[in-house]
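Chains as they are written, first to last, in my numbering: chain A, 2 to 337; chain B, 8 to 332.
The beta-carbon is built from N, C-alpha and C at its ideal position, and this holds for glycine as well.
Notes to accompany the following structure.
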Amino acid sequence: MTERDPRGDPASALLAVDALSVDYGPVRAVDGVSFTVRRGQTLGLVGESGSGKSTAVLGALRLLPAPGVVTGGSVRLAGAELLDLDAAGLRNIWGAQVALVPQGALSSLNPVLRVLDHFAETFTAHGVKPEGGVRACAAALLSRVGLDPVHLDSYPHALSGGMRQRVTIALGLALNPPLLVLDEPTTALDVVVERDILRQLLAAQDASGFAMVFITHDVALLLELASAIAVMYAGRLVERAPSEVLAADGALHPYTRGLLAALPPSPGEARLPVSIPGHAASVADPPSGCRFHPRCASAIDRCRTEAPALRVAGPDHVVACHVVELGVSSPKPGAP
Amino acid sequence: MTPNGPPLLSVEHLHIAFPLGGWPKRRTLHAVRDVSFNVARGSIVALVGESGSGKSTIGRAIARLQAARSGAIRLDGVDVLQTEPRAASIAYRRRVQLIFQDPFASLNPVHPIGHPIARALLLQDRATPQTVAAQVERVLESVGLTPAADMAARFPYALSGGQRQRAAIARALAVEPDLIVADEPTSMLDVSIRMDVLALFRRIRDEGSRSVVLITHDLASARIVADRVVVLYAGQVMEDGPAESVLSHPQHPYSQLLAAAAQRGGGLREPLPAHPGAPEVIDPGPGCPFAPRCLKATATCQSTPPPTVSVRSDHLVRCHLAESA
């Protein structure tokens with residue numbers, strides 16, 4: 002797995018999102034979400050549809066289209082406040098300091114441009130003249146993600162879904178940014194293609210040492226891929242913990258525990274997956290108090306009236322739940 | 008569980024092709040080639056494979072939404088492609104129902120969800136205008152959409168994804184079919200509620216002795232609910248056997264590749280046991296369709312169609328390298 006920063010203080014964080022809120026008109030889609038990503042680290046952001054995971058990250062990167070508006074908080078990328086930047090400042094950051102690999106590779110590539118032109122555009126916009134020329138550099142990038150450079154002269158429509166996603170990842174890596182944000186990059190792909198793309202992505206990360214924010218609804222994947230996992234429910238962060246802690250049955254929030262229990266068992270595991278009762282709460286009409294309480298078997302009266310604050314549960318481990326007794330129940334393998 | 012007796016559904020040497028046009032030589036996409044498998048009464052058979060494997064096309068052919076070039080689809084021994092060549096009779100449509108992947112697209116947004124259920128019941132003469140409301144409520148209750156009277160009046164927009172898919176399942180169940188073809192019924196649903204919908208298919212099998220053809224790319228879903236698994240690649244059956252046998256001891260190199268790719272818990276940095284590539288369905292060669300990607304392929308695999316080998320009881324593998332039991 003990725004090297005963890007031994008110092009662990011927020012000042013060393015590459016990306017520090019603090020109390021971020023995002024509104025869609027009267028609806029608060031993201032409510033006070035905080036997380037940090039250290040250099041070279043992979044943060045997994047997980048939640049069901051409508052939990053605000055993509056909105057939070059797109060909002061933080063100033064990439065959210067209207068009517069989404071960031072209404073509060075702070076986002077520091079390598080020390081610079083992203084929420085204060087003007088359009089020109091953002092253009093310098095996007096691609097060079099942080100690159101986005103969006104969901105739906107077809108809609109993110111320009112249908113009238115060849116693959117090569119996408120790379121040329123990226124380099125030109127940042128005034129970069131790659132060594133050996135654009136074509137050679139783009140060919141090397143494609144090879145890194147497992148795509149034959151012969152496709153440089155193809156148009157996006159001629160590529161399969163997996164090939165297009167490989168192109169968007171290669172474009173993200175073009176300027177060698179220290180942070181890559183991937184929004185459900187493999188959700189639409191077949192398992193075999195997904196696995197191969199992830200392998201190439203990890204090899205690229207091992208070679209260049211970039212950090213990743215990986216947005217997905219696949220917790221099982223994050224347990225393998227990420228060093229830390231942040232769990233969102235109905236616009237709020239409910240738990241954030243090192244992956245090893247979650248993998249070793251150290252999850253504390255009932256929602257996180259439910260997500261892990263809903264995973265299909267691995268071969269030979271004599272466990273039947275269990276669904277969480279009910280359905281995901283909507284941010285347009287959120288339940289009072291803790292937003293998970295209508296689906297929670299452990300809910301008490303206080304959960305219905307008072308939103309729980311994030312509390313420290315261990316090193317790099319926070320949880321927002323009234324019921325969890327920190328330090329008493331659920332032994333935490335990562336705790337001192 | 009493998010109930011004895013003749014199978015409810017038997018697909019034999021099914022071939023489905025789509026003309027692609029082209030000049031001077033017309034090209035043809037062979038979506039399904041020589042596919043045969045059985046569905047026993049009261050069992051769940053999973054058709055698994057990647058995009059382009061032909062699994063949805065087979066499902067649509069069984070539901071008679073797709074014409075076949077040749078082969079047979081026997082329901083209780085009667086080849087419906089012969090007896091009802093142009094379109095399925097209303098009696099066949101009562102016995103075989105299809106559930107679509109996307110519950111956001113398969114329900115008409117301008118009708119409350121009770122409407123399609125009532126319509127199916129009335130069309131099939133299984134209800135009168137006087138009794139239909141009560142019957143709709145009973146069906147909705149059976150899929151866990153309660154309070155049923157309130158649910159029947161709700162429009163799709165007011166339901167979650169999981170509830171919509173339950174409504175679609177209720178629509179299919181209303182006419183008490185013998186066979187339900189479900190095309191990726193859980194792939195659009197959130198992980199936390201997927202299991203409930205899969206459990207519903209198990210209940211449909213166990214309580215009504217109905218059969219289900221479950222089309223999925225998700226081996227984990229197949230493992231949880233299926234009695235049998237049929238693995239497809241490039242429109243051909245690669246492996247067919249009891250679910251536990253196929254999923255825990257895959258014999259075909261393609262099944263082994265699928266299982267390795269779906270594996271969680273380590274090995275993400277390891278290369279997969281196959282060459283990169285995609286199924287060739289437009290100009291398939293004479294040999295095994297998986298041979299170009301297979302690490303073990305020999306010259307024979309490229310040139311000769313593989314035989315179907317019985318590797319253990321009731322477990323078939325179409326591969327030159329498989330050893331018969």
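Under DSSP, the alpha helix (DSSP H) around residue i begins and ends at which residues?
i: M164/A; result: 162-174
i: D87/A; result: Premise fails: D87/A is in no alpha helix (DSSP H) and is neither H nor E.
i: T123/A; result: 116-126
i: D302/A; result: 302-306
i: D247/B; result: Run containing D247/B: none in the alpha helix (DSSP H); it sits in the beta strand (DSSP E), 243-249.
i: G168/B; result: 168-180
Check whether the Cβ of residue i lies closer than 8 Å to any Cβ atom in chain A.
i: L202/B; result: The residue you asked about is not Leu; residue 202/B is Met in the sequence shown. By this cut-off, M202/B is an interface position.
i: L207/B; result: no
i: G242/B; result: no
i: V318/B; result: no
i: A165/B; result: no
i: R276/B; result: yes
i: P286/B; result: no
i: A227/B; result: yes
i: R40/B; result: no
i: R126/B; result: no
i: G61/B; result: no
i: G272/B; result: yes
Give the residues of chain B in contact with residue i, contact being defined as C-beta atoms less than 7 Å apart.
i: D191/A; result: E57, S58, H224
i: R136/A; result: In chain order: nothing, as chain B lies at least about 22 Å away.
i: R196/A; result: A268, L279
For residue i, return the contacting residues in chain A, with the cut-off set at a CB-CB distance below 8 Å.
i: V198/B; result: E49, H218, D219, V220, L260, A263, L264
i: Q352/B; result: Look at the range of chain B in this structure, 8 to 332, and you will see that residue 352/B is not part of it.
i: L264/B; result: V193
If the cut is a Cβ gap below 8 Å, which residues of chain B does residue i touch?
i: G147/A; result: P283
i: L16/A; result: Those within 8 Å of L16/A in chain B number zero; the least Cβ separation is about 23 Å.
Please look up how many angstroms separate the CB atoms of residue i and residue j, rounded, as I've assumed it's under 8 Å.
i: M213/A; j: L181/A; result: 5 Å
i: L82/B; j: L180/B; result: Contact flag wrong, Cβ pair sits at about 18 Å.
i: L21/B; j: A68/B; result: 7 Å
i: G74/A; j: D19/A; result: 6 Å
i: L107/A; j: R165/A; result: 6 Å
i: V47/A; j: T217/A; result: 6 Å
i: R101/B; j: Q131/B; result: 5 Å
With 8 Å set as the bound, which would you pick, yes or no: does the beta-carbon of residue i sit closer than that to a beta-carbon of chain B?
i: V275/A; result: yes
i: D250/A; result: no
i: L203/A; result: yes
i: L199/A; result: yes
i: S161/A; result: yes
i: R292/A; result: no
i: E326/A; result: no
i: D317/A; result: no
Within its chain, find whatever has a CB closer than 7 Å to the CB of residue i; leave out the 5 residues flanking it on each side and keep chain order.
i: G51/A; result: A281, S283, V284
i: S262/B; result: V238, M245, E246, V253
i: L226/B; result: V55, L254, L265, A266, A269
In chain A, which residues lie with their C-beta within 9 Å of the C-beta of residue i?
i: I231/B; result: P265, P266, L273, P274
Taking 7 Å as the cut-off, is the CB of residue i close to at least one heavy atom of the ligand FAD?
i: I23/B; result: In the structure shown, the ligand FAD is absent, as is every other ligand, since no ligand is present at all.
Using a C-beta to C-beta distance shorter than 9 Å, which residues of chain B count as neighbours of residue i?
i: R167/A; result: Correct list: empty, because the minimum Cβ distance to chain B is about 11 Å.
i: L226/A; result: L275
Between which residues of its own chain and residue i is the CB-CB distance below 6 Å, once the five residues before and five after are set aside?
i: A134/B; result: L128, Q142
i: V325/A; result: L253
i: P266/A; result: R272
i: R71/B; result: A95
i: V76/A; result: V18, A61, L83, L84
Please report the residue range of the beta strand (DSSP E) in which residue i lies.
i: H20/B; result: 16-28
i: I277/A; result: Segment: none, I277/A is in no beta strand (DSSP E) and carries neither H nor E.
i: Y25/A; result: 14-25
i: F215/A; result: 212-217
i: D32/A; result: 28-39
i: Q42/A; result: From DSSP, Q42/A is part of no beta strand (DSSP E); its letter is neither H nor E.
i: T315/B; result: 315-319
i: T72/A; result: 69-78
Under 8 Å Cβ to Cβ from residue i, same chain only, skipping five residues before and after it: list those, please.
i: A250/B; result: A53, A229, R230, A233, D234, R235, V236
i: R115/A; result: L153, D154, S155, Y156
i: E287/B; result: A241, P296, P299
i: A198/A; result: Correcting the residue identity first, residue 198/A is Ile in this sequence and not Ala. Cβ within range, chain order: V146, G147, G163, Q166, R167, I170, P186, T187, L190.
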